[in-house]
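**Student:** Here the protein sequences come in this chain order: E and W.
If you number the first sequence the way the working numbering does, the last residue is 833 and the count never jumps.
If you number the second sequence the way the working numbering does, the last residue is 866 and the count never jumps.
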Amino acid sequence: MSVSSYFASLSLLKLLRNMPGGVSQGLIWGIMALGIYITFRLLDFADLTVDGSFTTGGAVTVMLILAGCPSWAALLVAVLAGMLAGLCTGLLHTRFGIPAILAGILTQFALYSINLRIMGMAANKAVSVDKYHLVLSSRNVPLAILTAALIALALVSLFYWYFGTEQGSALRATGNNPAMSRALGININRMKVLGLAISNGVVALAGGLMSQYQGFADINMGRGAIVIGLAAVIIGEVLANAILKRRLNFYGTLSFTVIGGVIYYLVVVVVLWLRLNSNDLKLFTAIVVALFLAIPYWRELRISSFAKFRRKGAGKNA
Amino acid sequence: MLDIREISKTFNPGTVNEKLALHKLSLHLDPGDFVTVIGGNGAGKSTMLNAIAGVWPVDEGRILLDGNDVTPLPEHQRAWLIGRVFQDPMMGTAPNMQLVENLALARRRGQKRGLRWEVTKEETEEYRERLKVLGLGLEDRLLAKVGLLSGGQRQAITLLMASLREPKLLLLDEHTAALDPATAAKVLELSDRIVNEHHLTTLMITHNMTDAIRHGNRLIMMNEGEIILDVRGEEKQHLTRRELVDKFAELAGTPLETDAVLLS
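Structural data, given as structure tokens:
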């Protein structure tokens with residue numbers, strides 16, 4: 516196929532048709548990113564539990580709905596299940612003395628077996644919107660966008676309130692300066708466990724929403740969730756800083772985290788529309804995240820680096 | 603107020619790096635005592651303060667604070683009794699949080715932290731007043747992230763934070779050592795003011811002999827994990843740097859080793 520025929524074959528209309536679906540899925544990823552924001556930015560804890568707890572949320576939701584539970588109640592139980600997973604990671608870290616990343620990996624690994632058990636040893640469980648009343652579904656995209664947006668807004672408001680309370684501030688202080696926090700009487704281990712539980716509760720909620728949206732839970736649906744979440748958080752931060760600049764407050768940061776999820780998924784829609792191989796998507800995402808994480812470091816290097824002396828030919832005998 | 607009974611601490615026991623940091627150290631402080639602590643590097647000054655603060659458990663002995671046996675309590679459980687300022691200005695404040703948030707965190711030192719809103723209007727007014735007294739113009743920067751402030755400003759803030767909820771004991775661990783001389787003098791003067799205003803029982807480590815003599819009502823000298831000199835009142839007021847250096851050589855059996863001490 517020649518270049519011109521490739522471009523001729525791309526239908527702009529098709530792209531526009533796919534955009535709303537992209538927005539709704541992006542909102543769900545954005546909700547998950549709110550959870551990741553808590554651990555990654557507020558607690559300074561790279562929590563890899565989420566790849567597992569996202570699936571847990573989906574699995575619990577689908578199985579409960581299949582068992583006749585109302586779909587909203589299934590989501591609440593999913594949140595609790597996710598919090599339990601976060602609690603596990605937290606205890607592995609604080610009580611077993613296991614480094615943060617490894618603690619998350621262990622829980623995630625264990626969750627694979629647990630998720631399979633939740634789904635009755637099936638790798639995939641479908642829940643049809645024709646048979647059950649679901650909170651949202653890809654069958655009705657505008658309604659799904661509205662529902663997901665409302666849930667995101669409620670979460671952003673809830674977090675804005677919670678992290679402004681005494682307890683929420685103690686949690687933020689723990690991530691920001693643990694030594695100071697201890698000296699001020701904050702039990703930083705308890706705060707870490709609490710933060711991990713809240714974070715994974717939100718991630719599981721997103722998993723539950725995703726399973727209803729797509730109409731099934733899959734054992735691999737959470738794979739790469741942490742990277743997607745990080746991408747959303749970072750895209751959100753860059754946008755928020757560019758648009759709101761000095762007016763940026765915590766409410767803005769949280770809102771833009773959700774928007775970051777939407778932008779991320781719209782980029783995915785475009786990439787798929789360009790008919791790039793969808794198997795390359797994860798590579799693409801990883802590169803984007805790596806670059807954005809590197810930017811602050813590189814900026815620092817521009818101010819102080821060994822390399823600038825090398826350029827002038829120093830180091831060779833002067 | 604503070605009663606330390608024969609505490610010992612050995613770091614890295616059973617390894618080549620084994621170090622006896624505190625050796626059956628006892629110390630009693632009366633309410634309102636302002637004690638300056640001097641001694642060479644590795645004398646155990648910071649170790650003593652960390653033992654009191656509960657950074658790690660001691661090997662043996664007891665620490666009583668205002669009648670409470672705090673020996674078995676981890677750091678965060680005895681924080682309600684103790685205010686602290688560290689040597690590193692970065693250590694005492696949360697850089698990514700606003701000045702007002704830092705103060706609000708400190709005001710609740712050792713309190714139960716519930717679901718009430720952290721920063722209230724009345725408290726903000728109170729903070730503004732207390733910042734004004736510092737004379738650093740910080741009362742106009744309540745919403746600034748503390749990480750944007752200078753080391754001296756952060757140290758002054760940490761000092762204020764340590765006293766917002768009145769501590770039974772104030773621990774100053776060479777809190778002016780990382781500052782330039784002018785700022786150090788200012789922060790020291792501020793420390794004096796806060797200690798006197800609240801009659802705080804205080805332990806202050808310093809490398810500066812003159813400061814050690816000029817501030818407080820009592821001076822202790824440490825060497826190899828023990829207190830080798832303890833002077834107070836009149837006797838302390840009339841000490842000279844020369845005398846202190848000579849005393850050290852006599853009591854420790856070695857001359858005071860650091861240039862910093864001799865030059866200060």
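Even for Gly, the Cβ is constructed at its ideal location relative to N, Cα and C.
Taking 9 Å as the cut-off, decide whether the C-beta atoms of threonine 808 of chain W and alanine 851 of chain W are in contact.
**Tutor:** Not closer than 9 Å, so no.
**Student:** Counting only C-beta atoms, is alanine 854 of chain W closer than 9 Å to chain E at any point?
**Tutor:** no
**Student:** Can you give the Cα-Cα distance for threonine 612 of chain W and asparagine 619 of chain W, rounded to whole angstroms?
**Tutor:** When only Cα atoms are considered, threonine 612 of chain W and asparagine 619 of chain W end up about 10 Å apart.
**Student:** Return the chain-ordered list of same chain residues with a C-beta closer than 6 Å to the C-beta of serine 726 of chain E, the five sequence neighbours on each side being excluded.
**Tutor:** Gly573, Thr576, Val577, Ala732
**Student:** So what's asparagine 643 of chain W in DSSP terms, helix, strand or just coil?
**Tutor:** If DSSP states are grouped into helix, strand and coil, asparagine 643 of chain W belongs with coil.
**Student:** Does DSSP classify lysine 646 of chain E as helix, strand or coil?
**Tutor:** coil
**Student:** Decide if isoleucine 546 of chain E is buried, meaning its Cβ has at least 16 other Cβ atoms within 10 Å, or exposed.
**Tutor:** buried
**Student:** By the criterion of Cβ-Cβ separation under 7 Å, what are the contact partners of serine 819 of chain E in chain W?
**Tutor:** Chain W residues near serine 819 of chain E: none, gap ~18 Å exceeds 7 Å.
**Student:** Does any residue of chain W bring its CB to less than 9 Å from the CB of threonine 680 of chain E?
**Tutor:** With 9 Å as the cut-off, threonine 680 of chain E counts as an interface residue toward chain W.
**Student:** Please decide whether alanine 833 of chain E counts as near chain W, where near means a Cβ-Cβ distance under 9 Å.
**Tutor:** Because alanine 833 of chain E sits at a pLDDT of 47, beneath the cut-off of 50, its placement in the model cannot be relied upon, and the following sentence gives the value as read from the coordinates. So, not an interface residue.
**Student:** Excluding sequence positions up to five away, which residues of its chain have a Cβ less than 8 Å from the Cβ of alanine 506 of chain E?
**Tutor:** The displayed coordinates of chain E run from 516 to 833. Any statement about residue 506 of chain E would go beyond what the structure contains.
**Student:** Please classify lysine 760 of chain E as buried or exposed, where buried requires at least 16 other C-beta atoms within 10 Å of its C-beta.
**Tutor:** Counting the other CB atoms within 10 Å of its CB gives lysine 760 of chain E a total below 16, which places it among the exposed residues.
**Student:** Mind checking which residues open and close the alpha helix (DSSP H) that includes glutamate 826 of chain W?
**Tutor:** Looking at the DSSP string, glutamate 826 of chain W is not in any alpha helix (DSSP H), and its letter there is neither H nor E.
**Student:** With DSSP as the reference, label threonine 808 of chain W as helix, strand or coil.
**Tutor:** coil
**Student:** Is there at least one Cβ from chain W nearer than 9 Å to arginine 687 of chain E's Cβ?
**Tutor:** yes
**Student:** How big is the Cα-Cα spacing for leucine 865 of chain W and isoleucine 640 of chain W?
**Tutor:** Confidence at leucine 865 of chain W is low in this model, with a pLDDT of 49, below 50, so the placement of that residue should be treated as unreliable; the coordinate-derived value is given next. The straight-line gap from Cα to Cα measures roughly 14 Å.
**Student:** Interface residues of chain W around leucine 699 of chain E at Cβ under 7 Å?
**Tutor:** Ala681, Leu707, Ala708, Arg711
**Student:** Taking Cβ to Cβ, would you say leucine 667 of chain W is nearer than 9 Å to leucine 683 of chain W?
**Tutor:** yes
**Student:** Identify each residue in the stretch 715 to 732 of chain W for which the Cβ-Cβ distance to at least one residue of chain E is less than 7 Å, and report them in chain order.
**Tutor:** Arg715, Gly716, Leu717, Arg718, Trp719, Glu720
**Student:** Closer than 6 Å by C-beta to phenylalanine 636 of chain W: which residues in its own chain qualify, once you throw out the five before and the five after it? Chain order, please.
**Tutor:** Within the same chain, Val797, Thr804, Gly818, Asn819 come within 6 Å of phenylalanine 636 of chain W by CB-CB distance, once the 5 residues on both sides are set aside.
**Student:** Going by Cα to Cα distance, which pick from W:Thr638, W:Leu622, W:Arg843, W:Ile654 is closest to alanine 698 of chain E?
**Tutor:** Residue W:Ile654 holds the alpha-carbon nearest to the alpha-carbon of alanine 698 of chain E among W:Thr638, W:Leu622, W:Arg843, W:Ile654.
**Student:** Is it true that the CB of glutamate 608 of chain W sits closer than 9 Å to the CB of glycine 663 of chain W?
**Tutor:** Yes, these two residues count as a Cβ contact at 9 Å.
**Student:** Give a yes or no on whether 9 Å exceeds the smallest Cβ distance from alanine 784 of chain W to chain E.
**Tutor:** The beta carbon of alanine 784 of chain W sits no closer than 9 Å to any beta carbon of chain E.
**Student:** Is there contact between the stretch 784 to 797 of chain W and the stretch 824 to 834 of chain W, where contact requires at least three CB pairs shorter than 8 Å?
**Tutor:** no
**Student:** Using 8 Å as the Cβ pair cut-off and three pairs as the minimum, do the stretch 695 to 714 of chain E and the stretch 707 to 720 of chain W touch?
**Tutor:** yes
**Student:** Thinking C-alpha only, which one of W:His625, W:Gly616, W:Gly634, W:Lys621 is nearest methionine 603 of chain W?
**Tutor:** Taking only the C-alpha atoms, the option nearest methionine 603 of chain W is W:Gly634.
**Student:** Answer yes or no: do lysine 707 of chain E and leucine 591 of chain E have a C-beta to C-beta separation smaller than 9 Å?
**Tutor:** In this structure, lysine 707 of chain E sits away from leucine 591 of chain E, with a CB-CB distance that is not shorter than 9 Å.
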